[in-house]
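Numbering (the UniProt record's numbering), first residue to last: 1 to 153.
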């Protein structure tokens, strides 16, 4: 079973400023207090191949999982990460990909979009109910607040 979910937020900052957040590890620093207990960089410095281990706050569906940055396109302002160990892969997902896009809409405005793409093995279809945009919409909102407070326009 294959699926795709997406959501976006318009932000009144230049796309380049939003990309400086979403295209880097800086996003993790911004969202940690709201969504994670901690995040460890296991390998890399934010480029393709970087591996992160995300530790969730108590009460979350998972304790931790690893994700790998698989795409960074500076020109198109796209970053993708794939679940690479634990959590979703243990629940029968062949693929659990998170994609961030920054789309210019004007000189001082842009759209930040998050897309979750997933693929489940046969026999694991019921686990599709665990795919949710809710935390990622939260990332976009926290990112928006951060950008508005920290961008000089």
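Just so you know, even glycine gets a beta-carbon here, dropped at the ideal spot from N, CA and C.
Of all the options the options, which has the alpha carbon lying nearest to the alpha carbon of residue i?
i	options	result
residue 33	152, 151 and 146	146
residue 47	72, 41 and 102	72
residue 18	126, 111, 43 and 55	111
residue 20	120, 53 and 74	74
residue 128	38, 25 and 94	94
residue 54	84, 80 and 79	84
residue 79	152, 25 and 13	25
residue 175	58, 45, 132 and 44	Because the chain spans 1 through 153 in this model, residue 175 falls outside it and cannot be assessed.
residue 132	96, 149, 148 and 109	96
residue 49	69, 42 and 27	69
residue 148	109, 125 and 124	109
residue 42	56, 67 and 15	67
residue 28	16, 56 and 15	56
Are the CB atoms of residue i and residue j nearer to each other than 8 Å?
i	j	result
residue 100	residue 65	no
residue 139	residue 114	yes
residue 31	residue 134	no
residue 2	residue 119	yes
residue 13	residue 151	yes
residue 136	residue 103	no
Measure the beta-carbon distance from residue i to residue j and round it to whole angstroms, keeping in mind my assumption that it falls under 8 Å.
i	j	result
residue 23	residue 77	6 Å
residue 11	residue 144	5 Å
Inset, instruction - May I ask you to verify whether the stretch 45-65 touches the stretch 3-10, counting CB pairs closer than 8 Å and requiring at least 3? - result: no
Inset, instruction - For the UniProt domain "Bet v I/Major latex protein" (3-120), list the alpha helix (DSSP H) runs that are entirely contained and at least 4 residues long, ordered along the chain. - result: 15-22 and 26-35
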